[in-house]
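Residue numbers (the UniProt record's numbering), protein chains in the order written: chain A, 1 to 282; chain B, 1 to 282; chain C, 1 to 282.
Structure follows, in structure tokens:
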């Protein structure tokens, strides 16, 4: 795990005993108002995401109490996004339809004052999505969520990840994340074994979760979409990113306790997103 | 729940005790011959469906004993649909490929006398799929399946749903559904907490199922595809739509009893589609 | 089951008692070094696959210890495949993007000396993928994996499958498979109730697995992608195809023991891909 950074709160899963008193999980308690507000508001989130992750993104948003909407053509996505509460854009597949549809859809969300989240999946080497992601920063996403390699590639450092992998630890992307914040005025969430969430004034490391989250496709994409859902009810991008990060990681911890392998982990993760912090749940 | 409509049989889940004698479920008994025939015939169903729901549609058809086939380009879909027993068209994603491929694929199915089912997902606001869905009515789908908002939008009333959501109760779409029936000569199934199935001469409310079905992506799309499978062996569209609706809803009830959340509900739903009404099953 | 073919080793699941001593499964023992090497190397596999099977392909590769990458446009797929260890090409959907992207992506993999696997899903009737699959043989895939109908259609015999179905037993494709081997210099795996794996010098029938594998979408696609993962660490295509076939089938047997239906079978299959042959696992 990364060494504690001065001025940054580090929370360690090992310091948080699992048990029947999980309602008292301090990380969860700090973001419980956002989780409850998502469940009450049931925000409609338009998602343009990697094809392979569509299932877990949609089912994960539903489990969390939000409502997903997915279409990506230039002809329809900008129109239907006008009735959504937030927009999540993930570059994971970047089909021709998505390539054409994303700029107009982001513009529609911005025009209507909807918060939107950018997940620059697998940028760096890929020749189309890399410049696209950089241009999209001008549309000021409320949160940029990616792994360290992707955040580095976003500001022109490093060579990007290989697929959804990250070759760098979140702390290595600290400077790059601050550069993104300067450009967007929003927040950045850098995912990894320890997650880093920061904006212009705050910075937190979240040392929760489980490596099992890396054994299921699309958990990162889901985190981006969940962040968009949280951004509808949260104070700002930082609070949204922090709430979504804790929500996913605590759900992951619960799922890991129950799972016999990556197949059952995926199922328990969706159950836990529904149950985390709910009455009778954790 | 909607008040009983005169002349319409209302079945209430509360009147159907769950227990070991579920083989005697009267709703299930009324459609058991269709379910058995699907399992025996194993109809091949070509599906053009929302990308996000492809997994549950294909796995759900397989669990039900049918066989799915999925491709949507104009170059191939019309050709391969000629070996299918039925066609299910869902407008949920409407990629450029699907936009181009759907009209020719429907025409091929019609030319070969195959039954086909239209699921006008999310029409209303969306500018391409709304006129497309209305034009497709001329190709006389054996069943149109949608939520109330979508059925209203199909005949030009209302503003359509938001994504897969319905803002209206099925009964509110009764007149619109009858208008669709007049145009297609087939049946309409309006999904909701209570489902409405009708054709020119019959109308039934099905008050079965569970709200858990709305917590998993693609259950509506699967219902449309399952209706197409049933249409291969049923007397007509009405019988196919009623059988598929009862099958899905009873499977949903069984799954809800066993599930700990939406993740495990999805798994149990697929198991229950396989087990419902089978020897040793419900 | 197909009758034993002279000179071909037939292994029968019925002769392999299930129990705590499954570590001694002789089929598994014969390929355990490949399975272990995949887990150690964690090969990055670029996959162009049927849209409906993307989820199980990606989650299955992750469960097996490999790492999936998926994008299919001509603009990006050939570039990102250069950092992959292997390429798996499945023609199941053949979107316009994939149609354009596949030839250049295969060329990039060949140029870089990466092994690649061809899965000619549903060729025969389909007018675009059939000639494409035949042309791709010139790029010498290390393994061609398909059902008997597809392998027959690849060399111009038979009329191909219907969707993912096979109308022919693997043994019926023996001659066609040998013709493919003559053209590619690699191996061919013909999937069915009994699987046939052969190359220029060797031929093996694998009578393992369970019919439950045909009740879940994409298990064949996953087998193709798993073969690509194995080809990174195996001696040659034959060893890769045999290892992947045994791995999938033994995992399927384990999952079938635990499953209550096709929904839970899918989950247990992913768990079993992770657990098979691992310490404390089978």
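Cβ coordinates follow ideal geometry from the N, Cα and C atoms, glycine included. All values derive from a computational prediction rather than experimental measurement.
Check, Outcome
"On the premise that residue 184 (chain C) lies in contact with residue 137 (chain C), defined as a C-beta separation below 8 Å, what is that separation, rounded to the nearest angstrom?", "6 Å"
"From the DSSP secondary-structure annotation, give me the bridge partner or partners of residue 198 (chain A).", "A:188, A:203"
"Could you list which residues in chain B have their beta carbon closer than 7 Å to that of residue 267 (chain A), in chain order?", "263, 264, 267"
"To the nearest angstrom, how far is it from the Cα of residue 46 (chain C) to the Cα of residue 142 (chain A)?", "32 Å"
"Could you please tell me which residues of the stretch 243-256 of chain A, in chain order, have their CB closer than 7 Å to any CB of chain B?", "none"
"Using CA coordinates, which residue listed in B:274, B:263, B:210, B:271 is at the minimum distance from residue 61 (chain A)?", "B:263"
"Leaving out five residues before and five after residue 51 (chain C) in sequence, what residues of the same chain have Cβ atoms less than 6 Å from its Cβ?", "93"
"Check the Cβ-Cβ distances between residue 290 (chain A) and every residue of chain B, and say whether any is below 8 Å.", "Residue 290 (chain A) falls outside the range modelled here, since chain A spans only 1 to 282, and no answer is possible."
"Please list, in chain order, the chain C residues whose beta carbon lies closer than 8 Å to that of residue 126 (chain A).", "71, 76, 79, 80"
"Using a beta-carbon distance below 8 Å, is residue 281 (chain B) in contact with chain A?", "Reliability of the predicted coordinates at residue 281 (chain B) is poor, the pLDDT of 48 falling under 50, and the value obtained from them is presented with this limitation in mind. False, the Cβ-Cβ gap to chain A never drops below 8 Å."
"Would you say residue 273 (chain B) lies against chain A (beta-carbon separation less than 8 Å)?", "no"
"Tell me the rounded alpha-carbon separation between residue 39 (chain A) and residue 79 (chain C).", "42 Å"
"Check whether the Cβ of residue 55 (chain A) lies closer than 8 Å to any Cβ atom in chain B.", "yes"
"Thinking just about the alpha-carbon of each residue, which of C:48, C:67, C:197, C:55 is nearest to the one in residue 76 (chain C)?", "C:48"
"Using a C-beta to C-beta distance shorter than 7 Å, which residues of chain C count as neighbours of residue 260 (chain A)?", "271"
"Quick one: what's got a C-beta closer than 7 Å to residue 63 (chain C)'s C-beta in the same chain, skipping five residues either side?", "270, 273, 274"
"When the Cα of residue 265 (chain C) is compared with those of C:211, C:83, C:221, which residue comes out closest?", "C:211"
"Between residue 41 (chain C) and chain B, is there a C-beta pair that is closer than 8 Å?", "no"
"Around the Cβ of residue 200 (chain A), are there at least 16 other Cβ atoms within 10 angstroms (buried) or fewer (exposed)?", "exposed"
"Which one or two residues does DSSP pair with residue 221 (chain C) in a beta bridge?", "None, per the DSSP bridge assignment."
"Just by C-beta distance, which residues in the stretch 83-103 of chain C are closer than 9 Å to chain A?", "83, 84, 95, 96, 97, 100"
"Among C:56, C:237, C:71, C:171, which residue has its Cα nearest to the Cα of residue 220 (chain C)?", "C:56"
"Do the CB positions of residue 186 (chain C) and residue 140 (chain C) come within less than 8 Å of each other?", "yes"
"At the 8 Å Cβ level, is residue 134 (chain C) part of the contact set with chain B, yes or no?", "no"
"Output needed for residue 73 (chain C): all residues of its chain with C-beta closer than 6 Å, excluding positions within five of it in sequence on either side, in chain order.", "97, 101"
"Ordered along the chain, which non-local residues of its own chain (more than five positions away) have a Cβ less than 6 Å from that of residue 258 (chain B)?", "268"
"For residue 129 (chain A), return the contacting residues in chain C, with the cut-off set at a CB-CB distance below 8 Å.", "76"
"Give me whichever residues DSSP pairs with residue 117 (chain A) in a beta bridge.", "A:88, A:143"
"Check the Cβ-Cβ distances between residue 62 (chain C) and every residue of chain A, and say whether any is below 8 Å.", "yes"
"Looking at the structure shown, is residue 43 (chain C) part of a helix, part of a strand, or coil, going by DSSP?", "coil"
"For the alpha helix (DSSP H) that contains residue 78 (chain B), what are its first and last residues?", "77-80"
"Would you report the Cα separation of residue 120 (chain C) and residue 209 (chain A), rounded to the nearest angstrom?", "40 Å"
"From residue 41 (chain C) to residue 222 (chain C), what does the alpha carbon distance come to, in whole angstroms?", "19 Å"
"At least one CB of chain A closer than 8 Å to the CB of residue 173 (chain C): is that the case?", "no"
"Can you tell me the Cα-Cα spacing of residue 154 (chain C) and residue 227 (chain B), whole angstroms?", "34 Å"
"What are the boundary residues of the beta strand (DSSP E) that residue 68 (chain A) is part of?", "67-69"
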